Amino acid sequence: MEQFRILLTHSAWFLPLCLLVGAAYAWLLYSKNPPWGKKLNYSLAALRFVVVSFLCFLLLGPVMRYFSNTEEKPAIVFAIDNSESVKLFTDSVALRQTRTGLVNISKKLAENGIETAVKSLDAAQTSDLNGINFDQKSTNLDALLNNVAETYENRNLAAVVLLSDGIVNQGKSPAYSDFQFKLFPVALGDTVPKRDLSLPALQYNKVAFSGNKFPIVAEVRNDGFVSGNATVLLKENGKVLDRKTVALQKNKTSQLVAFSITAPQPGKKHYEVLVESLPGEFTKLNNTKHAYLEVVKGKLKVLLAAAAPHPDIKALKSAIETDENFEVELYLPGIYPLKTAVYDLAILHQLPSRLRTGSEVLQLIQKQKIPAFYILGAQSDLAEFNKQQSGVFVAPRGNQTDEVVPVININFTRFGFAEKASETFATYPPLTVPFADFRLNPAAEVVLQQQVGRLKTTRPLLTIQTGGDNTNGVLVGEGLWQWRLNEAVANDKPAHFDKLITDLVQLLTTKQNKKRLNVYPVQDEFLVSEDVRFQSEVYNSIYEKIYGQQITLTITDEQKKSRTFNFVNGENFSGLNIGNLPGGVYKYTAATTLEGKRVQDSGEFLVQDLALETITSLANHNLLYQLARKNGNKLYYPNQLAQLEKDLLEADFKNIIYTEESLKDLINLKWLFFVILALVTAEWFLRKYYGSI
9 MEQFRILLTH
19 SAWFLPLCLL
29 VGAAYAWLLY
39 SKNPPWGKKL
49 NYSLAALRFV
59 VVSFLCFLLL
69 GPVMRYFSNT
79 EEKPAIVFAI
89 DNSESVKLFT
99 DSVALRQTRT
109 GLVNISKKLA
119 ENGIETAVKS
129 LDAAQTSDLN
139 GINFDQKSTN
149 LDALLNNVAE
159 TYENRNLAAV
169 VLLSDGIVNQ
179 GKSPAYSDFQ
189 FKLFPVALGD
199 TVPKRDLSLP
209 ALQYNKVAFS
219 GNKFPIVAEV
229 RNDGFVSGNA
239 TVLLKENGKV
249 LDRKTVALQK
259 NKTSQLVAFS
269 ITAPQPGKKH
279 YEVLVESLPG
289 EFTKLNNTKH
299 AYLEVVKGKL
309 KVLLAAAAPH
319 PDIKALKSAI
329 ETDENFEVEL
339 YLPGIYPLKT
349 AVYDLAILHQ
359 LPSRLRTGSE
369 VLQLIQKQKI
379 PAFYILGAQS
389 DLAEFNKQQS
399 GVFVAPRGNQ
409 TDEVVPVINI
419 NFTRFGFAEK
429 ASETFATYPP
439 LTVPFADFRL
449 NPAAEVVLQQ
459 QVGRLKTTRP
469 LLTIQTGGDN
479 TNGVLVGEGL
489 WQWRLNEAVA
499 NDKPAHFDKL
509 ITDLVQLLTT
519 KQNKKRLNVY
529 PVQDEFLVSE
539 DVRFQSEVYN
549 SIYEKIYGQQ
559 ITLTITDEQK
569 KSRTFNFVNG
579 ENFSGLNIGN
589 LPGGVYKYTA
599 ATTLEGKRVQ
609 DSGEFLVQDL
619 ALETITSLAN
629 HNLLYQLARK
639 NGNKLYYPNQ
649 LAQLEKDLLE
659 ADFKNIIYTE
669 ESLKDLINLK
679 WLFFVILALV
689 TAEWFLRKYY
699 GSI
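For what it's worth, the numbering used here labels the leading residue of the sequence shown as 9, then goes sequentially.
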């Protein structure tokens with residue numbers, strides 16, 4: 009239904025004037041004795057009156073205001089929990105009959121003017137309930153229902169029929185969310201306890217150091233067995249590494265079993281924990297759990313050397329040691345001697361020093377080519393510092409200093425900052441830096457800039473220089489301890505300060521990539537439900553990126569089975585998607601030809617099979633009951649679908665009428681031009697036909 013009104017942009021008192029102009033024009037033109045009859049003369053005068061009056065009316069800028077009403081029918085969405093647990097632990101006949109029943113309900117609703125749609129856990133929307141596969145590796149009902157709400161936002165969503173077994177293993181419980189639609193849950197699965205052994209969880213560190221012992225602790229759950237023993241195995245590549253025996257007791261449903269393993273050579277590792285099945289056990293699907301971890305070499309050693317005792321030393325040491333991959337050794341002249349070791353990074357606090365201490369540390373850095381992080385202060389010898397080729401040259405202007413606070417350089421991308429890092433940095437006490445001119449090496453990058461008072465400058469506060477023969481970092485001020493203490497007082501934990509220092513140390517200790525072919529997975533670990541994707545970079549002899557290279561990628565699993573893929577690294581190439589892979593450790597090799605020579609790259613990645621859907625076989629109908637009760641409805645079972653259909657049809661869902669308003673200048677309506685042209689043409693034709701005056 010459409011309505012319209014005409015609005016004026018000028019006073020309505022001009023309308024009589026428009027009519028007066030039209031009448032005057034017609035009178036002046038047709039008041040004389042015409043060569044045709046009076047009846048035709050009055051008709052021609054009327055045409056001229058209408059045309060002139062209407063043209064004058066258009067000069068007033070009239071606007072047409074449209075009101076259009078659209079009626080939207082109610083919609084009902086069938087939200088389907090298509091996880092593996094529904095298929096595994098629901099009677100197949102009951103599941104098939106339930107799907108058929110919902111299809112019939114959908115048809116009946118459509119016959120009564122109600123639109124229907126189907127949503128599943130993988131966010132797919134379809135109209136075919138029978139085409140859904142129950143193959144999802146995890147269940148997040150809250151995300152499913154919120155996805156329905158977002159899809160039908162500002163639309164006439166009347167109700168959602170949720171088909172589920174109530175088992176949730178990802179995201180928050182939907183019972184804690186408020187939905188603006190009516191919810192009609194339909195319960196599947198089995199709520200009768202069965203005799204079953206399972207492994208609900210494994211506890212282990214994601215990183216282990218080569219040569220060290222590390223534990224894998226398995227939780228063994230017993231449902232229904234009142235006596236006997238269960239055997240728990242630890243396996244790698246099918247080989248049994250260790251076995252433990254657990255006594256089953258009626259009143260002890262959960263027990264912990266610990267395995268101790270010596271970490272092998274560095275690399276990604278996959279261990280399997282298995283509890284052997286017993287006679288009469290309901291299912292073996294939840295008897296296995298996988299542990300995926302990375303074995304790295306011993307901790308990276310960081311030498312923290314200072315010209316003299318300073319509170320910055322404690323702050324730096326505490327921040328670095330929040331990352332278990334680093335080990336800090338101290339050097340202070342006369343207090344902590346320099347130990348003979350291979351260091352991955354040296355932090356030099358006010359070294360080189362005007363106190364003429366620490367020369368042995370500088371010699372060690374030059375001899376072993378250790379990356380260095382320089383922190384300047386009042387005791388720094390700037391002339392000697394400028395000889396270190398650190399990426400920053402400091403030319404002091406006398407003995408003056410500045411008090412500066414840090415500002416993040418938005419162009420720095422080598423590592424990221426937390427969302428509120430800028431706000432936290434702005435609250436830090438100022439560092440003392442030399443009042444000087446700073447000149448940067450072209451290879452140096454600014455991480456933090458100086459702010460003096462309220463003036464943000466481009467002068468560097470923290471820089472890094474990576475690549476080539478020199479890997480260095482420079483902080484041109486002292487007083488870091490105040491930053492850490494200030495943030496700890498304000499937030500209980502100096503998270504932003506510690507992250508800045510550990511990220512900086514990680515970047516400076518990372519060996520720079522000099523490979524001309526770099527093929528890598530977009531992440532180190534994938535889930536079996538995720539697509540595995542690879543990116544690639546190819547460089548010419550001067551390390552400029554080149555494109556159009558034919559690359560062969562070979563992926564090998566733990567059973568030595570290989571898959572080969574071929575692709576071209578186009579300039580706008582979004583990456584190679586090889587789809588889902590089974591759980592395990594995978595090795596890959598990539599190769600291409602550059603300047604007639606074969607160039608290779610290799611690496612490893614993990615695919616984790618968390619087996620979330622097999623952890624429990626017991627349906628959670630209590631959750632579905634809570635959802636129904638919260639929405640003022642009841643819980644339905646597969647044998648109550650006829651009642652569900654009746655309740656949906658009798659719910660009397662209403663259509664929604666939307667009114668849309670639009671404005672349009674009358675003068676822009678093309679059909680008016682042709683109407684005026686037709687009137688003028690008709691007048692002209694009649695005058696010519698009967699003789700002009």
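Where is the CB? At the ideal position from N, CA and C, for every residue including glycine. Please read all numbers here as calculations on a predicted model, not as lab measurements.
Cutoff 7 angstroms; reference Ala-290; Cβ partners in own chain excluding five residues on either side
Here residue 290 corresponds to residue number 282 of the sequence shown, with the count starting at 1. In the sequence on display, residue 290 carries Phe and not Ala. Taken in chain order, the residues that qualify are Lys-202, Arg-203, Asp-204 and Ser-625.
With Arg-405 as the anchor, note down where its beta strand (DSSP E) starts and where it stops.
Walking along the sequence shown from the start, residue 405 turns up at place 397. Segment 400-416, the beta strand (DSSP E) holding Arg-405.
Buried or exposed, going by whether 16 or more other CB atoms sit within 10 Å of the CB of Pro-708?
The structure shown has nothing for residue 708, since the chain only spans 9 to 701.
Taking just the CA atoms, how far does Ala-271 sit from Lys-277?
In the sequence shown, counting from the first residue as 1, residue 277 sits at position 269. In the sequence shown, counting from the first residue as 1, residue 271 sits at position 263. Taking the straight line from one Cα to the other gives about 9 angstroms.
Would you kindly report the start and end of the unbroken alpha helix (DSSP H) that includes His-629?
Position 621 of the sequence shown, counting from 1, holds the residue named residue 629. Segment 629-638, the alpha helix (DSSP H) holding His-629.
Measure the alpha-carbon distance for Pro-42 versus Ser-19 and round it to whole angstroms.
The sequence position of residue 42 within the sequence shown is 34, counting from 1. The sequence position of residue 19 within the sequence shown is 11, counting from 1. Roughly 38 angstroms separates the two Cα atoms.
Give me the Cα-Cα distance between Val-454 and Leu-311, rounded to the nearest whole angstrom.
Sequence index remark: in the sequence shown, residue 454 carries index 446 (1-based). Sequence index remark: in the sequence shown, residue 311 carries index 303 (1-based). Going from the Cα of Val-454 to the Cα of Leu-311 covers about 23 angstroms.
Which same chain residues end up closer than 8 angstroms to Lys-307 when comparing Cβ atoms and leaving out the 5 residues on each side of it in sequence?
Here residue 307 refers to the residue found at position 299 of the sequence shown. Phe-217, Glu-332, Asn-333, Phe-334 and Glu-335, listed in sequence order.
Can you check which of these residues, Val-546, Leu-36, Tyr-38 and Ala-83, is closest to Phe-661 by C-alpha distance?
In the sequence shown, residue 661 corresponds to position 653, counting from 1. Cα-wise, what sits closest to Phe-661 is Ala-83.
For my contact list, Leu-210 and Ala-299 are in at a C-beta cut-off of 8 angstroms; report their separation, rounded to the angstrom.
Translated into the one-based positions of the sequence shown, residue 210 becomes position 202. Translated into the one-based positions of the sequence shown, residue 299 becomes position 291. Sure, about 5 angstroms apart at Cβ, within 8 angstroms.
Nearest neighbour of Val-546, chosen from Phe-534, Thr-562 and Gly-578 [CA to CA]
Here residue 546 refers to the residue found at position 538 of the sequence shown. It is Gly-578 whose Cα lies nearest to the Cα of Val-546.
Nearest-angstrom Cα separation, counted from Glu-79 out to Val-29
Indexing the sequence shown from 1 puts residue 29 at position 21. Indexing the sequence shown from 1 puts residue 79 at position 71. Approximately 45 angstroms, taken between the alpha carbons.
Where Ser-388 falls: helix, strand or coil (DSSP):
By one-based count along the sequence shown, residue 388 stands at place 380. Strand.
Grab me the residues of Asn-449's own chain with a C-beta within less than 7 angstroms of its C-beta, minus the 5 sequence neighbours each way, in chain order.
As a working mapping, residue 449 is identified with position 441 in the sequence shown. Cβ within range, chain order: Gly-399 and Gln-473.
Helix or strand or just coil, what does DSSP make of Val-482?
Position 474 of the sequence shown, counted from the first residue, corresponds to residue 482. Residue state, collapsed to three classes: strand.
For Lys-325, collect the residues of the same chain with a Cβ closer than 8 angstroms to its Cβ; drop the 5 residues on either side in sequence, then sort them by chain order.
Mapped onto the sequence shown, residue 325 falls at position 317. Same-chain partners within the cutoff: Leu-312, Val-336 and Leu-338.
Throw me the rounded Cβ distance for the Leu-384 and Val-484 pair, which I believe falls under 8 angstroms.
Numbered from its first residue, the sequence shown carries residue 384 at position 376. Numbered from its first residue, the sequence shown carries residue 484 at position 476. About 5 angstroms; that satisfies the 8 angstroms criterion.
Does Val-310 come out as helix, strand or coil in the three-state DSSP assignment?
The residue you call residue 310 lines up with position 302 of the sequence shown. The answer is strand: DSSP assigns Val-310 an E or B state.
Can you tell me whether Pro-287 is buried or exposed? The criterion is at least 16 other CB atoms within 10 Å of its CB, across all chains shown.
On the sequence shown, residue 287 is found 279 positions in, with the first residue counted as 1. Exposed, because fewer than 16 other Cβ atoms sit within 10 Å of the Cβ of Pro-287.
At the level of alpha carbons, what is the spacing between Leu-359 and Glu-495?
Numbered from its first residue, the sequence shown carries residue 359 at position 351. Numbered from its first residue, the sequence shown carries residue 495 at position 487. Spanning the two alpha carbons is a distance of roughly 27 angstroms.
Using the Cβ count rule (16 or more neighbours within 10 Å means buried), how would you classify Pro-414?
The sequence position of residue 414 within the sequence shown is 406, counting from 1. Classification for Pro-414: buried.
Three or more C-beta pairs closer than 8 angstroms, one from the stretch 688-697 and one from the stretch 45-65: is that the case here?
yes
In chain order, what residues of the same chain lie with their CB nearer than 6 angstroms to the CB of Leu-249, ignoring the 5 residues before and after it?
Taking the sequence shown and counting its residues from 1, the one referred to as residue 249 is at position 241. So the qualifying residues of the chain are Leu-242.
Using the three-state DSSP reduction, which class does Ile-740 fall into: helix, strand or coil?
This structure gives no information on residue 740, because the portion of the chain shown stretches from 9 to 701.
Identify, in the order they occur along the chain, each residue of the same chain with its Cβ nearer than 8 angstroms to the Cβ of Ala-690, setting aside the five sequence neighbours on each side.
Within the sequence shown, numbered from 1, the residue matching residue 690 stands at position 682. Cβ neighbours of Ala-690 beyond the five flanking positions: Leu-55.
For the stretch 428-475, list the beta strand (DSSP E) runs that are entirely contained and at least 3 residues long, ordered along the chain.
439-448, 452-460 and 463-473
Residue range of the unbroken alpha helix (DSSP H) whose run includes Val-111:
For the purposes of this step, residue 111 is taken as the residue at position 103 of the sequence shown. Residues 100-119.
Three-state secondary structure (DSSP) of Arg-13:
Taking the sequence shown and counting its residues from 1, one reaches residue 13 at position 5. Here Arg-13 sits in strand by DSSP.
Report all residues from its chain with a CB closer than 7 angstroms to the CB of Ser-128; omit the five preceding and five following residues, and keep chain order.
Along the sequence shown, read from residue 1 onward, the residue named residue 128 stands at position 120. These residues qualify, in order along the chain: Ile-88, Asn-90 and Ile-140.
Assign Tyr-382 to one of three DSSP states: helix, strand, or coil.
By 1-based counting over the sequence shown, the position of residue 382 is 374. The answer is strand: DSSP assigns Tyr-382 an E or B state.
Between the C-alpha atoms of Tyr-279 and Pro-590, what's the straight-line distance to the nearest angstrom?
Residue numbering aside, residue 279 sits at position 271 when the sequence shown is read from its first letter. Residue numbering aside, residue 590 sits at position 582 when the sequence shown is read from its first letter. Rounded to whole angstroms, Tyr-279 to Pro-590 spans 14 angstroms at the Cα level.
Have a look at Phe-505 and Arg-492 and give me their C-alpha separation to the nearest angstrom.
As a first step, residue 505 is located in the sequence shown; it is residue number 497 there, counting from the start. As a first step, residue 492 is located in the sequence shown; it is residue number 484 there, counting from the start. Taking the straight line from one Cα to the other gives about 6 angstroms.
So, helix, strand or coil for Ile-140, using DSSP?
Residue numbering aside, residue 140 sits at position 132 when the sequence shown is read from its first letter. It is coil, neither helix nor strand.
Same chain, Cβ closer than 8 angstroms to Lys-704, neighbours up to 5 away in sequence not counted:
Outside the displayed span of the chain (9 to 701) sits residue 704, for which this structure offers no information.
Do Gln-396 and Leu-370 count as a contact pair if the criterion is CB distance below 9 angstroms?
Residue numbering aside, residue 370 sits at position 362 when the sequence shown is read from its first letter. Residue numbering aside, residue 396 sits at position 388 when the sequence shown is read from its first letter. Taking 9 angstroms as the Cβ cut-off, Leu-370 and Gln-396 qualify as a contacting pair.
Put Asp-89 into one of helix, strand or coil per three-state DSSP.
The residue labelled residue 89 in the question sits at position 81 within the sequence shown. Residue state, collapsed to three classes: coil.
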